[in-house]
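Only one structure is covered here, and it is reproduced in the block below.
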Amino acid sequence: MTAVKIITEELLIFNQSIRNEMSRKNLDVTGRASQSLRVISSENKAASVGIDYIEYLNRGRGPGKFPPIDKIKEWVDRRNLEVAPYVIARKIANEGTEIFKDRTKGLMLDPKIALTIKRIKKRLPEELAAEILNKITG
1309 MTAVKIITEE LLIFNQSIRN EMSRKNLDVT GRASQSLRVI SSENKAASVG IDYIEYLNRG
1369 RGPGKFPPID KIKEWVDRRN LEVAPYVIAR KIANEGTEIF KDRTKGLMLD PKIALTIKRI
1429 KKRLPEELAA EILNKITG
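Take the sequence shown: its position 60, counted from the start at 1, is 1368 in this note's numbering, and no numbers get skipped.
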């Protein structure tokens, strides 16, 4: 098994752990974030990619400018809330999101990344040695 295949396998596990966290914390109401997670690999590299707002699900959004109203409206509609999207957007602009205030409410990606790196490091030396030996012996 090649190093890229090992990394790809571990990234698939990583992505599933993110999906599980989104589900557990009800962070992906539209389903787009979960569906966007995928692993892209080539002969020499592999990467986990997803929709651009995954970082907001991880670290939240601090106070400052207004978030996109259309995204807030979609979120309100999916949750069947009876509140004006503008009110939520204004609160986020003034105070930030709950995830920003308390990171434990987010995806907690840093520990997941650390675990994935640890798992890859554990598997790679053994697999690489076998791969190199295979190439030498033909």
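Backbone N, C-alpha and C fix where the C-beta goes; we use that ideal spot for every residue, glycine too.
Nearest-angstrom Cα distance between residue i and residue j?
| i | j | result |
| --- | --- | --- |
| residue 1418 | residue 1387 | 28 Å |
| residue 1318 | residue 1424 | 6 Å |
| residue 1429 | residue 1398 | 45 Å |
| residue 1321 | residue 1312 | 14 Å |
| residue 1369 | residue 1422 | 23 Å |
I need the DSSP call for residue i, collapsed to helix, strand or coil.
| i | result |
| --- | --- |
| residue 1332 | helix |
| residue 1357 | strand |
| residue 1385 | helix |
| residue 1369 | coil |
| residue 1410 | coil |
| residue 1320 | helix |
| residue 1352 | coil |
Report, in whole angstroms, the separation of the C-beta atoms of residue i and residue j, which I expect to be a contact under 8 Å.
| i | j | result |
| --- | --- | --- |
| residue 1316 | residue 1350 | Their Cβ separation, rounded to whole angstroms, is 10 Å, which puts residue 1316 and residue 1350 out of contact at 8 Å. |
| residue 1357 | residue 1367 | That belief does not hold up - the Cβ atoms of residue 1357 and residue 1367 are roughly 18 Å apart, past 8 Å. |
| residue 1335 | residue 1389 | No, residue 1335 and residue 1389 are not in contact; Cβ-Cβ is about 16 Å, not under 8 Å. |
| residue 1401 | residue 1373 | 6 Å |
Where do the N-terminal and C-terminal ends of the beta strand (DSSP E) with residue i fall, by residue?
| i | result |
| --- | --- |
| residue 1346 | 1346-1349 |
Over what stretch of residues does the alpha helix (DSSP H) that includes residue i continue unbroken?
| i | result |
| --- | --- |
| residue 1376 | Note, residue 1376: premise wrong, no alpha helix (DSSP H); not H, not E. |
| residue 1390 | Taken as a continuous stretch (DSSP letters only), residue 1390 belongs to no alpha helix (DSSP H), as it is neither H nor E. |
Would you be able to state if there are at least three C-beta pairs under 8 Å between the segment 1336-1347 and the segment 1430-1437?
When Cβ pairs closer than 8 Å are counted between the two stretches, the segment 1430-1437 is seen not to touch the segment 1336-1347, the count staying below three.
Using 8 Å as the threshold, is the segment 1368-1382 in touch with the segment 1390-1404, meaning 3 or more CB pairs across them?
When C-beta atoms of the segment 1368-1382 are compared with those of the segment 1390-1404, three or more pairs fall below 8 Å, so the two segments count as touching.
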